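Read the structure below first, then the notes.
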Amino acid sequence: MYIYDSVAKSKLKFEPIASDRVTLYVCGPTVYDDAHLGHAKSALVFDLLSRVLKANGYKV
1495 MYIYDSVAKS
1505 KLKFEPIASD
1515 RVTLYVCGPT
1525 VYDDAHLGHA
1535 KSALVFDLLS
1545 RVLKANGYKV
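One point on numbering: in our numbering, the residue at position 37 of the sequence shown is 1531, and numbering is uninterrupted.
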């Protein structure tokens, strides 16, 4: 699996710190106004990332 590094503008091979598992830390949204779909974006992105990692054999 490759991750795009926006600073280096290149793809890097994903290599987890532990060979068999990946941990994610995700903060909840800081909502100061009415709720909208943008608030769900972070949860959606990290849910999809978690599913892709699991599909590639990692314990998440």
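Every residue gets a Cβ at the ideal spot worked out from N, C-alpha and C, and that includes glycine.
The model shown is predicted, which means the values in this text are computed figures rather than measured ones.
Simplified DSSP state of LEU1531, which is helix, strand or coil: For the purposes of this step, residue 1531 is taken as the residue at position 37 of the sequence shown. Under the three-state reduction of DSSP, LEU1531 is assigned to coil, being neither helix nor strand.
Whose CA, out of PRO1523, VAL1501, ASP1528 and ALA1512, lies closest to the CA of LEU1538? Working through the sequence shown from its first residue, we reach residue 1538 at position 44. With distances taken between Cα atoms, LEU1538 lies closest to PRO1523.
Just how far apart, CA to CA, sit LYS1499 and GLY1551? For the purposes of this step, residue 1499 is identified with residue 5 of the sequence shown, where counting begins at 1. For the purposes of this step, residue 1551 is identified with residue 57 of the sequence shown, where counting begins at 1. What sits at residue 1499 in the sequence shown is Asp, not Lys. If I take the Cα positions, the gap works out to 22 Å.
Below 7 Å between beta carbons: does that hold for PHE1540 and VAL1525? Counted from its first residue, the sequence shown places residue 1540 at position 46. Counted from its first residue, the sequence shown places residue 1525 at position 31. No, they are not a contact pair.
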